[in-house]
Every structure is written in C-alpha cells, then in structure tokens.
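Trainee: The working numbering puts the first residue of the sequence shown at 17, with every later residue one more than the last.
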Amino acid sequence: METKLIKQLAPELALFQYNEIPVLELNHPIGTAKISLQGAQLLSWKPIHTAQDVIWLSDIEPFNKGEAIRGGIPICYPWFGKAGTPMHGYARLQLWQLVSFDIQPNEAHLNFLLETENTEDIAHIEMTFSDEFHIEFTNYCIEKEPQLALHTYFNIGDITKTEIQQLPTTAFNVLAQQQETVSDTRVITENVECIYQANDCNIIVDKVNNRTIEIIHENASEIVLWNPWHKETSNMSKDGHKTMICVETARISERLNENVVGLRIRVK
C-alpha cells in the first residue's frame with residue numbers, strides 16, 4: 017500500500033493518503049488511532065495499555081475510493097443491509113469533513129460532518145479517545161426515518177477461543193430466517209448472522225490475547241453479531257474470519273430520530 021503525508025494538523029494528528037483514501041493518524045500518549053475520512057470510519061485503535069489493536073482491519077484492504085473498507089467501524093447509514101442501494105447506505109462511501117478537533121493531555125476529540133451537495137447537514141460524528149473509545153452519531157434527516165449500524169469489527173486472537181458474553185437469549189437468525197433461543201454466551205464455530213434486541217452491554221473474552229473488551233450500547237434498538245466464517249467475503253483473506261468478530265450497535269426496527277446513538281469500548 018502506498019502512503020504519503022498530506023498535512024500535519026497538530027503534533028499528535030496528521031492526514032495521510034492511503035492509496036486513494038485520506039486517513040487521519042492520531043499519535044497520542046494515551047494511544048494511537050486511524051480514521052478514514054471516507055465514511056468517518058475508525059480503522060484502528062490501540063490504547064497505550066494494550067499490546068494488540070482493538071479494531072480489526074483486513075490485511076488485504078486496497079483502499080480504493082468509493083469502495084467499502086473491510087474492517088474498522090463502518091457507518092451503515094441511512095439504511096442497513098439491502099434496504100437500499102448501495103448496500104448498507106451511502107455514508108460509508110462518501111467523504112466526511114473533519115470540522116474540528118481538540119487534543120488534551122488525557123484525551124482527544126474529533127468531530128466529523130456529512131453534508132449534502134447543498135451543504136445541508138446530514139449527520140455528525142464525535143469520536144473521543146481516552147482510556148476508552150467513545151463514538152456518538154447524531155442524525156439530522158428525521159423526515160426520511162433512516163436506519164443506522166455502527167458495524168464494529170473487533171480484533172481477536174482466535175475466533176474459536178473467544179467468548180461473546182452477556183448477549184440476550186433470543187435472536188433472529190438471518191441465515192435460517194427464524195427466531196431462535198440461544199445461549200447468553202456464544203463461541204463462534206460457523207457462519208453466524210444474528211440480530212438481537214439490544215441490551216446495554218456485551219463482553220468479548222479474548223482468551224488468546226488475554227483481555228476482555230466491554231461494549232456499551234447507547235440508545236440502540238438492536239445488536240448484530242456477525243462472522244462470515246469460510247464464506248467468500250470481498251477484501252477479506254480466506255483466514256480473515258479467524259481473528260475478527262462483529263458486534264454491531266444498531267437502530268434498525270426503531271428508526272432514527274434526533275436522539276444520539278453511541279458506542280463505548282473499554283479494554284481490560
């Protein structure tokens with residue numbers, strides 16, 4: 017991959033070009049992060065107290081303009097799945113503006129805005145990096161009743177040695193197209209795509225990396241659990257599924273209004 021520095025915005029923040037995609041790099045005493053301006057998409061977050069990245073990104077991602085980036089936290093908006101074209105909405109394919117940033121000794125705030133061609137606000141994202149990661153999404157298009165999913169790819173050591181805990185005990189199995197009773201702790205051993213009614217918090221127990229990842233959903237109506245297993249997936253290597261799990265914070269059945277949808281990630 018070809019990378020080049022475009023602009024140094026602050027001592028801790030710089031804008032780079034990754035092939036065809038502009039990407040912000042944050043290098044701060046509290047940790048590092050990478051955010052694509054296409055989609056305002058977090059690609060990497062490594063707080064100072066962790067040995068491995070918390071966020072998974074495909075090792076074969078080509079960073080082509082106008083193509084969905086495989087990994088990170090894609091912003092699926094203003095629809096989820098195949099509710100419109102392109103799949104998962106247009107927000108992850110468009111350039112967002114970095115409208116402001118505030119870097120303090122113990123945290124960093126970055127604000128992004130998506131606008132129409134007539135400079136009308138569509139949506140706003142604020143990311144906060146401290147000893148945890150916090151993202152807040154604000155929707156401005158209430159008349160269109162949009163949907164949202166913060167489609168987070170978590171980086172893990174081995175999918176077969178990972179537990180996802182504190183899940184609800186009923187879920188809609190998208191692959192089987194039926195509602196099912198399931199365990200509140202899941203170990204993934206096959207292609208899975210399940211939609212749960214949201215609860216407040218889930219835990220990923222990453223036994224290989226000897227850490228737990230706490231996922232706190234704010235104002236969500238659903239949680240989506242996804243791993244493609246051996247199913248061929250664009251811009252993912254054949255073994256890519258072994259080191260990732262998606263736990264998504266979503267508003268699918270309950271459409272967005274002016275309320276903020278958020279996600280907090282803590283690593284222990």
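Glycine residues also receive a C-beta, built at the ideal position from the N, C-alpha and C atoms.
Below 8 Å CB to CB, which residues in the same chain sit around PHE117 once its five sequence neighbours on both sides are set aside?
Mentor: Only LEU25, ALA26, LEU29, ALA124, HIS125, LEU126, ASN127 meet the Cβ criterion.
Trainee: Alpha carbon to alpha carbon, what distance is there between ASP137 and ILE229?
Mentor: Rounded to whole angstroms, ILE229 to ASP137 spans 33 Å at the Cα level.
Trainee: Tell me the residue span of the beta strand (DSSP E) that contains PHE128.
Mentor: Run containing PHE128: 123-131, per the beta strand (DSSP E) assignment.
Trainee: Alpha carbon to alpha carbon, what distance is there between VAL198 and THR186?
Mentor: Their backbone Cα atoms lie some 6 Å apart in a straight line.
Trainee: Going by Cα to Cα distance, which pick from GLU234, ASP222, ILE261, LYS247 is closest to ALA214?
Mentor: Looking at the Cα atoms, GLU234 is the closest of the given residues.
Trainee: What do you reckon, are the CB atoms on GLU152 and VAL276 nearer than 8 Å?
Mentor: Cβ atoms of GLU152 and VAL276: closer than 8 Å.
Trainee: Is it true that the segment 83-91 meets the segment 174-192, where meeting means three or more beta-carbon pairs spaced less than 8 Å apart?
Mentor: Because the criterion of three Cβ pairs below 8 Å is not met, the segment 83-91 and the segment 174-192 do not touch.
Trainee: Using only the alpha-carbon positions, how far apart do PHE149 and VAL70 sit?
Mentor: Distance between the alpha carbons of PHE149 and VAL70: 10 Å.
Trainee: Going by CA-CA distance only, name the one from TYR212, ILE119, MET17 that's closest to THR48.
Mentor: Comparing Cα-Cα distances from THR48 to each of TYR212, ILE119, MET17, the minimum goes to ILE119.
Trainee: Any chance you could list the beta strand (DSSP E) runs of at least 3 consecutive residues sitting entirely within the segment 183-231, in chain order?
Mentor: If we require 3 residues or more, the beta strand (DSSP E) runs fully inside the segment 183-231 come out as 186-189, 194-197, 208-213, 217-222.
Trainee: Helix, strand or coil, according to DSSP, for LYS284 in the structure here?
Mentor: If DSSP states are grouped into helix, strand and coil, LYS284 belongs with coil.
Trainee: Is it true that the CB of ASP222 sits closer than 8 Å to the CB of ASP249?
Mentor: In the sequence as displayed, the identity of residue 249 is Thr instead of Asp. No, Cβ-Cβ distance for THR249 and ASP222 is not below 8 Å.
Trainee: Are there 16 or more other CB atoms within 10 angstroms of the CB of LYS50, so buried, or fewer, so exposed?
Mentor: With 16 or more other Cβ atoms within 10 Å, it is buried.
Trainee: Tell me which residue opens and which closes the beta strand (DSSP E) that GLY173 is part of.
Mentor: Looking at the DSSP string, GLY173 is not in any beta strand (DSSP E), and its letter there is neither H nor E.
Trainee: Would you kindly work out how many angstroms separate the C-alpha atoms of THR176 and LYS247, rounded to a whole number?
Mentor: If you take the alpha carbons of THR176 and LYS247, they lie about 16 Å apart.
Trainee: How many Å lie between LEU53 and LEU114 at the Cα?
Mentor: Rounded to whole angstroms, LEU53 to LEU114 spans 8 Å at the Cα level.
Trainee: According to DSSP, simplified to helix, strand and coil, what is HIS233?
Mentor: Looking at HIS233 - three-state DSSP - the assignment turns out to be strand.
Trainee: With GLU179 as the anchor, note down where its beta strand (DSSP E) starts and where it stops.
Mentor: Here the beta strand (DSSP E) through GLU179 covers 178-181.
Trainee: On the criterion of 16 or more Cβ atoms from any shown chain inside 10 Å, does GLN193 qualify as buried, or is it exposed?
Mentor: Classification for GLN193: exposed.
Trainee: Would a C-beta distance cut-off of 8 Å place VAL283 and ARG202 closer than the cut-off?
Mentor: No.
Trainee: When you compare only the Cα positions, how much space is there between ASN273 and MET103?
Mentor: Rounded to whole angstroms, ASN273 to MET103 spans 21 Å at the Cα level.
Trainee: Go ahead and label GLN57 buried or exposed: buried means 16 or more other beta carbons lie within 10 angstroms of its beta carbon, across all protein chains shown.
Mentor: With 16 or more other Cβ atoms within 10 Å, it is buried.
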